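Asks: In mature numbering (1 follows the signal peptide of the UniProt record, and there is no 0), the protein residues as written are -16 to -1, 1 to 204. Quick reminder that beta carbons are idealized off the backbone N, C-alpha and C, glycines included. The structure presented is a predicted model; accordingly, all values stated were derived computationally and were not measured. Quick one: the structure is below, and I'll ask about it shortly.
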């Protein structure tokens, strides 16, 4: 199977390496060409190409780009969608807006290309172990066709519907939940520090409270 991969940041490198580990050859592109060249140097079955459109001349294309701006510049302005052959599958794993996901869905359909949104949950170390959670949405037949490839990247693929934007909405919601949890923990830690300081300077202080506070501080 001819596979292309766009975007070799920390996540993209790990994911591309896992596809190679599954016995697949890749045509890889990165905005910083030196990263693509280095990746190809380290992996015999990877070939670095000079333009993103050159990576699109195959049966399956993966893209792991930074955001809406990068996705638009590479996929639309960079000619990637126009270069995709009819009948191929594009798996966009970036975290992008719902609006851009809907625009990309239309543009791919006009080319006769199956478009799947598969943003991921997990850090680069999780990606390196092939243990990501994959939030997938798009045409069911196309998804079934590439599922063996997705299995090399994640521990589970969550099928979220036939409209690609559904996966992007789910990823954005997950990011919001994570950010809210981090903010809540930070507020709690700050409040605890203020209370410990207030009690320590008041008449209600005790040796027991001081010992408990010291233990908490030692635990981070």
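Residue range of the alpha helix (DSSP H) that residue 27 falls in?
Replies: First-last for residue 27: undefined, no H or E at that position.
Asks: Quick check on DSSP: helix, strand or coil for residue 50?
Replies: If DSSP states are grouped into helix, strand and coil, residue 50 belongs with coil.
Asks: Going by DSSP, name the residue or residues bridged to residue 106.
Replies: Answer by DSSP bridge pairing: none, since residue 106 is not bridged.
Asks: Give the DSSP bridge partners of residue 141, in chain order.
Replies: DSSP, once it has assigned bridges, lists 118 as partnering residue 141.
Asks: How many angstroms separate the CA atom of residue 85 from the CA atom of residue 128?
Replies: Cα-Cα distance, rounded: 20 Å.
Asks: Please state whether DSSP places residue -8 in a helix, a strand or coil.
Replies: In this structure, residue -8 counts as coil in the three-state DSSP scheme.
Asks: Which class does residue 101 belong to by DSSP, given the choice of helix, strand or coil?
Replies: Residue 101 falls in the strand class under three-state DSSP.
Asks: In the DSSP assignment, what residue or residues form a beta bridge with residue 44?
Replies: -14 and 73, per the DSSP bridge assignment.
Asks: How far does the beta strand (DSSP E) with residue 84 in it reach, from first residue to last?
Replies: It is not in any beta strand (DSSP E) - residue 84 instead sits in the alpha helix (DSSP H) that spans 82 to 95.
Asks: Please state the DSSP three-state secondary structure of residue 4.
Replies: Reduced to three states, the DSSP call for residue 4 is helix.
Asks: The alpha helix (DSSP H) that contains residue 237, what's its start and end?
Replies: Since the first residue of the chain shown is -16 and the last is 204, residue 237 is not available in this structure.
Asks: If you measure between the beta carbons of residue 3 and residue 48, is that distance less than 8 Å?
Replies: No, they are not a contact pair.
Asks: Taking its Cβ as the centre, do 16 or more other Cβ atoms sit within 10 Å of residue 28, making it buried, or is it exposed?
Replies: Result: exposed.
Asks: In three-state DSSP terms, what is residue 33?
Replies: In the structure shown, residue 33 sits in coil (DSSP, three-state: anything other than H, G, I, E or B).
Asks: Could you round the C-beta distance between residue 100 and residue 122 to whole angstroms and report it? I think they count as a contact, below 8 Å.
Replies: With a Cβ gap of about 4 Å, residue 100 and residue 122 count as contacting.
Asks: For the beta strand (DSSP E) containing residue 64, name the first residue and the last one.
Replies: Run containing residue 64: none in the beta strand (DSSP E); it sits in the alpha helix (DSSP H), 64 to 67.
Asks: Can you name the start and end residues of the beta strand (DSSP E) that residue 10 belongs to?
Replies: Residues 10 to 13.
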